[in-house]
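Asks:
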Amino acid sequence: MSPLHLSIGESATVTAINTQEELRSRLNSLGLNRGSELTIESTSLFKGTYCIRLNNSNVLAIRRDELAMIEVAI
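Mapping to the numbering used here: the sequence shown position 68 is 127, numbers consecutive.
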């Protein structure tokens, strides 16, 4: 399931990051890894950017197309 299907405030666990190694490496360095808890905090007006919280601590802004490459399980 994609995190794009989560509502604001809803959490899920990251099961896969299906992207190129360069972006996966960058996301890993920011704390987004398999097994991380991801919570949707907010979205931009037209949902082009999402604000996500990782493991109840780090908050990241991530583009919609990058978020779509992540798989989560509730």
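The C-beta atom is built at its ideal place from N, Cα and C for all residues, glycine as well.
For the alpha helix (DSSP H) holding asparagine 87, just list the boundary residues, first then last.
Replies: In the sequence shown, counting from the first residue as 1, residue 87 sits at position 28. Run containing asparagine 87: 80–88, per the alpha helix (DSSP H) assignment.
Asks: Would you kindly report the start and end of the unbroken alpha helix (DSSP H) that includes cysteine 126?
Replies: Counting from one through the sequence shown, the residue named residue 126 turns up at place 67. Going by the sequence as given, residue 126 is leucine instead of cysteine. Looking at the DSSP string, the run of the alpha helix (DSSP H) that includes leucine 126 is 123–126.
Asks: Output needed for methionine 60: all residues of its chain with C-beta closer than 8 Å, excluding positions within five of it in sequence on either side, in chain order.
Replies: In the sequence shown, counting from the first residue as 1, residue 60 sits at position 1. If we look at methionine 60 and ignore the five residues flanking it on each side, its Cβ neighbours are Ala71, Glu130, Val131, Ala132 and Ile133.
Asks: Can you pull the DSSP bridge partners for aspartate 117?
Replies: Residue mapping note: residue 117 aligns to position 58 of the sequence shown, counting from 1. As written in the sequence, residue 117 is asparagine, which differs from the aspartate given in the question. Paired residue(s): Leu113.
Asks: Between serine 88 and glutamate 81, what straight-line distance do the alpha-carbon atoms span, to the nearest angstrom?
Replies: Residue numbering aside, residue 88 sits at position 29 when the sequence shown is read from its first letter. Residue numbering aside, residue 81 sits at position 22 when the sequence shown is read from its first letter. Cα to Cα, the separation comes out at about 11 Å.
Asks: Where does leucine 63 sit, in a helix, a strand or coil, going by DSSP?
Replies: Against the sequence shown, residue 63 aligns to sequence position 4. Reduced to three states, the DSSP call for leucine 63 is helix.
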